[in-house]
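Just add 6 to the spot in the sequence shown (first one is 1) and you have our numbering. Cβ coordinates follow ideal geometry from the N, Cα and C atoms, glycine included. The structure presented is a predicted model; accordingly, all values stated were derived computationally and were not measured.
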Amino acid sequence: MRWNSRGTARSDRACLVGEDDGRFGARWFVAMAQAACQRHRRKSSILGKDARSMATGWRVMRRLRWQSGGVNFRGWNRFRQGNVMRQSVRSCGALVALLCIASLAGPPFAAADTVSPVMLANVYHAGVVLDDYWVSEKYDGVRGYWDGETLQTRTGATLHPPAWFTAHWPKVPMDGELWAGRGAFDVASVAIRQQPADEAAWRRIRYMVFDLPSHPGPFTERLGALKKVVDGLNVPWVQRVPQYKVANQAALEAQLDRVVRQGGEGLMLHRGASLYREGRSDDLLKLKPYDDAEARVVAHLPGKGKYTGMLGALLVETAQGVRFRLGTGFKDEQRRHPPPIGSLVTYRYRGTTSSGKPRFASFMRVREGT
């Protein structure tokens with residue numbers, strides 16, 4: 007392969023993608039992506055003043071699930087099998103243009119919360135006026151959003167519970183948590199993914215409702231309306247989340263200690279005067295004895311010693327572009343079948359280093375719906 011003065015890859019054979027007989031290798035595609043990134047970086051005017059750097063190209067390839075260990079490029083295989091590339095990409099220039107256009111979509115995190123119709127929490131911090139907030143337990147389950155017809159995850163993926171579970175539910179949206187009890191996150195996680203639905207597993211799950219998204223009033227008013235909706239359903243697997251007030255910071259910390267000692271995850275604080283709105287804000291806060299966050303899986307790092315042949319650690323990347331390894335917190339089954347590349351995982355940690363990397367990071371779970 008040769009490169010001309012403009013940084014464009016030239017190959018008499020590979021440029022004619024439609025005439026290729028299958029020997030068009032993944033390494034050629036990597037070289038093309040690198041060339042596209044270099045041109046993309048030098049000629050930012052093509053994509054506007056905010057054109058992204060070379061790293062954008064690698065994020066695009068990760069979104070297409072590039073597996074760097076060989077030539078198993080599943081996105082390319084799907085293009086070839088569908089004959090799309092033969093029909094639409096007849097030159098190297100067209101492929102470069104395709105990569106540049108794809109980069110406009112931004113990094114994989116860009117759509118993580120925009121897909122979600124739900125209200126999301128910030129982390130509790132100093133300076134919060136506790137008199138303004140209602141407090142409740144933070145349930146360690148799977149977020150469930152009822153839109154009046156279907157039950158969805160926070161990312162908008164449709165769930166398929168048994169028909170009896172949502173029978174006679176109201177046409178008004180409800181927001182809550184699919185919860186199997188303290189310390190039983192795995193039960194809820196497995197149940198929502200099984201198809202067909204496991205009746206016995208769903209019998210263990212309760213829908214803990216904490217809000218009515220379509221109600222026009224502030225949260226304090228919504229609580230009264232929520233009580234009427236849940237009481238009207240009168241089924242044991244749909245319950246209203248208890249909300250209460252605390253007098254001061256000491257009372258809040260004492261309540262957190264009680265919940266954690268009993269196996270709970272933490273507390274939620276909801277501003278009484280707030281309207282329901284999508285996205286993160288201080289209208290909703292979470293308080294836990296540790297910090298947690300999410301990161302995208304970039305690679306699987308092989309294990310050593312007793313973990314030979316299994317996962318040793320995940321290489322992950324945060325929304326801010328910080329990469330680090332997650333090597334603890336996994337069960338043996340998770341090491342044998344690790345979270346797929348491209349998925350979002352939740353990890354816990356205790357503060358960050360000067361470079362922004364989380365300290366004592368430990369894997370918790372795969373985020374549902376990714």
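#### Entry: Enclosing beta strand (DSSP E) for Ala-352 [first to last residue]
The sequence given here places Thr at residue 352; Ala does not occur at that position. That run of the beta strand (DSSP E) goes 350 to 355.
### Query
Thinking just about the alpha-carbon of each residue, which of Arg-373, Val-178, Ala-279, Gly-311 is nearest to the one in Asp-137?
Ala-279
### Task
Measure how close the beta-carbons of Gly-147 and Ala-194 come, nearest whole angstrom, since I'm counting them as under 8 angstroms.
5 angstroms
### DSSP state of Thr-159 mapped onto helix, strand, coil
coil
### Query
Can you list the beta strand (DSSP E) stretches of 3 or more residues lying completely in the region 236 to 287, in chain order?
244 to 246, 272 to 277
### Query
Is the region 151 to 163 in contact with the region 289 to 306, if contact means three or more CB pairs nearer than 8 angstroms?
no
### Query
Exposed or buried, Ala-41, counting other C-beta atoms within 10 Å across all chains shown (16 or more means buried)?
Confidence in Ala-41 is poor, its pLDDT being 47 and thus under 50, which makes the residue's placement too unreliable to answer from.
### Query
If you draw a straight line from the C-alpha of Ile-211 to the C-alpha of Ile-347, how long is it?
29 angstroms
### Query
Looking only at its own chain, which residues have a Cβ that is under 8 angstroms from the Cβ of Arg-228, when we skip the five neighbours before and after it?
Asp-217, Leu-218, His-221, Tyr-282
### Query
If we call anything under 9 angstroms between Cβ atoms a contact, is Gln-340 one with Leu-321?
no
### Task
Please check the pair Gly-182 and Met-214, which I expect to be a contact at CB under 8 angstroms, by giving their CB distance rounded to whole angstroms.
5 angstroms
### Message
Which same chain residues end up closer than 8 angstroms to Tyr-355 when comparing Cβ atoms and leaving out the 5 residues on each side of it in sequence?
### Response
Tyr-296, Asp-297, Asp-298, Ala-299, Pro-364, Arg-365, Phe-366, Ala-367, Ser-368
### Task
Return helix, strand or coil for Trp-208, following the three-state DSSP convention.
helix
### Task
Note down the Cα distance separating Gln-261 from Thr-314, rounded to an integer number of angstroms.
44 angstroms
### Task
Please state whether DSSP places Arg-371 in a helix, a strand or coil.
strand
### Query
Can you tell me whether DSSP reads Tyr-139 as helix, strand or coil?
strand
### Message
For Ala-305, which residues in the same chain have their Cβ closer than 8 angstroms to its Cβ, ignoring the five residues on either side in sequence?
### Response
Ser-74, Leu-320, Leu-321, Ile-347
### Query
In whole angstroms, what is the alpha-carbon distance linking Val-441 and Ala-325?
Outside the shown range of the chain (7 to 376) lies residue 441, about which nothing can therefore be said.
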